[in-house]
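191 is the number of the first residue of the sequence shown in the working numbering; add one for each residue after it. Cβ coordinates follow ideal geometry from the N, Cα and C atoms, glycine included.
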Amino acid sequence: MEITTIQKYIHTSPRKLRLVADMVRKMTPDQAIAVLEVTPKAAALDFQKAIKTVLANAKGKGLDSQKASFKTIEINESTKMRRFRAGTRGRVRPYKKRMAHIKIVLSDELIDKSRQKGDKSES
191 MEITTIQKYI HTSPRKLRLV ADMVRKMTPD QAIAVLEVTP KAAALDFQKA
241 IKTVLANAKG KGLDSQKASF KTIEINESTK MRRFRAGTRG RVRPYKKRMA
291 HIKIVLSDEL IDKSRQKGDK SES
């Protein structure tokens, strides 16, 4: 069984969220929450909320969180808010505030981490 959750328009840049996602990608969800609680990054709080959401969805569907594992974690770019800062001589300096979407797929199936997409099955 697979449980999916998508958090949209998170006001943290995708680059910062990917650092946190790569840190917990191969952990179980319970281990990931424990690690993110002591991680000194602001993006860890947003990612922790997304993990807690997918665990709550899994509990509602009857999935045991002890047996669950991450199937996929995706951090995608969202829209960018364009802002301007005053520059010298009456000019403006544009910059972008980036946002992200987090997609987490949780699975109760045993996923073999050693076999990746590139490995071919023997036949």
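Report all residues from its chain with a CB closer than 8 angstroms to the CB of residue i; omit the five preceding and five following residues, and keep chain order.
i           : result
residue 207 : 200, 233, 236, 237, 265, 290, 292
residue 286 : 270, 271, 272, 273
By how many angstroms is the C-alpha of residue j removed from the C-alpha of residue i?
i           : j           : result
residue 231 : residue 240 : 15 angstroms
residue 255 : residue 242 : 11 angstroms
residue 220 : residue 198 : 22 angstroms
residue 252 : residue 193 : 11 angstroms
residue 299 : residue 217 : 14 angstroms
residue 294 : residue 227 : 18 angstroms
residue 223 : residue 279 : 49 angstroms
residue 191 : residue 229 : 30 angstroms
residue 225 : residue 288 : 25 angstroms
residue 250 : residue 202 : 28 angstroms
residue 281 : residue 209 : 35 angstroms
residue 213 : residue 260 : 13 angstroms
Would you identify the three-state DSSP class for residue i, choosing helix, strand or coil?
i           : result
residue 283 : strand
Excluding the five sequence neighbours on either side, which residues of its own chain have a C-beta within less than 6 angstroms of the C-beta of residue i, listed in chain order?
i           : result
residue 204 : 265, 267, 290
residue 247 : 193, 195
residue 283 : 275, 277
residue 296 : 193, 244, 248, 258
Taking the alpha carbon of residue i as the reference point, which residue from the options has its own alpha carbon closest?
i           : options       : result
residue 262 : 209, 215, 246 : 215
CB-CB under 7 angstroms to residue i, same chain, minus the five flanking residues each way: which ones, in chain order?
i           : result
residue 211 : 237, 263, 265
Write down every uninterrupted run of the alpha helix (DSSP H) in the stretch 208-279 whose length is 4 residues or greater and which is fully enclosed by it, in chain order.
List check, alpha helix (DSSP H) in window: 219-227, 232-250.
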